[in-house]
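Numbered according to the numbering used here, the sequence shown spans residues 1497 to 1663. Every residue, glycine too, gets a C-beta built ideally from N, C-alpha and C. The structure presented is a predicted model; accordingly, all values stated were derived computationally and were not measured. Just below is one structure, and these are the notes that go with it.
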Amino acid sequence: MTVERVISIGFILFGAFFFVLSLTLESRPNVVINPGTWPAFLTAMIVILGAVLLIRTFKKPKETVSDDEQVVEELLEEEEIVYPRNFFYLIGLFVIYIALLNYLGFIITTVFILIGLTMLFGMQSWWHRIITSIVSTACFVIIFPILLQTPFPRGVGIFRTISLFFY
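Encoded structure:
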């Protein structure tokens, strides 16, 4: 229980420190989302959630702590991992994604990596995999490069030309 209190106080201090720093970032006139808006929002959420965790540690009865410790011990005793190779496949997919991102651009690379991720996580239908990856990539492109004007890698050659059609 004291570990949870120390961690929650650490989250509150960490979030408050970086919240103050995010308020010192430059602000642009006539812009809704400034460079400090997202860091301020995220650090405010860290402070709020740290406070919620701190309050819960004081309200938590002592009997549930022993139950939690018993659950943790049972989880640590389990030796069988259902899909032990999936973690390495996931890391491999992200390495491939990072390696290809600057050459193929965001749109093409993200579509193919999301198809791989949906395969890895067990989506059965090919049509669902393809539709999910295209819709997700379209949402990312609408939100970040178009609405928030965040630059994404465009790729080289023909891939750059393809990305210029979208953003």
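Examine chain D for any beta-carbon lying closer than 8 Å to the beta-carbon of Ala1536, and answer yes or no.
Among the chains in the structure shown there is no chain D, since it carries only a single protein chain.
What separation, rounded to the nearest whole angstrom, lies between the Cα atoms of Phe1640 and Pro1535?
Approximately 16 Å, taken between the alpha carbons.
Using the C-alpha atoms, what's the distance from Ile1658 back to Gly1532?
So the two alpha carbons sit approximately 32 Å from each other.
The alpha helix (DSSP H) with Val1631 in it runs from where to where?
1622-1637 is the span of the alpha helix (DSSP H), which, as asked, contains Val1631.
Return the residue from the list Leu1509, Leu1519, Asn1598, Val1548 that minimises the CA-CA distance to Arg1650.
Comparing Cα positions, the closest option is Asn1598.
Count the other C-beta atoms from every protein chain shown that fall within 10 angstroms of the C-beta of Ile1609, then say buried if there are 16 or more, exposed otherwise.
The residue in question, Ile1609, is buried, as its Cβ has 16 or more Cβ neighbours within 10 Å.
Please check the pair Ile1603 and Val1637, which I expect to be a contact at CB under 8 Å, by giving their CB distance rounded to whole angstroms.
Rounded, the Cβ-Cβ distance is 7 Å, consistent with contact.
According to DSSP, simplified to helix, strand and coil, what is Met1541?
Looking at Met1541 - three-state DSSP - the assignment turns out to be helix.
Please confirm whether Gly1511 and Thr1539 have their CB atoms less than 8 Å apart.
The answer is yes: Cβ separation under 8 Å.
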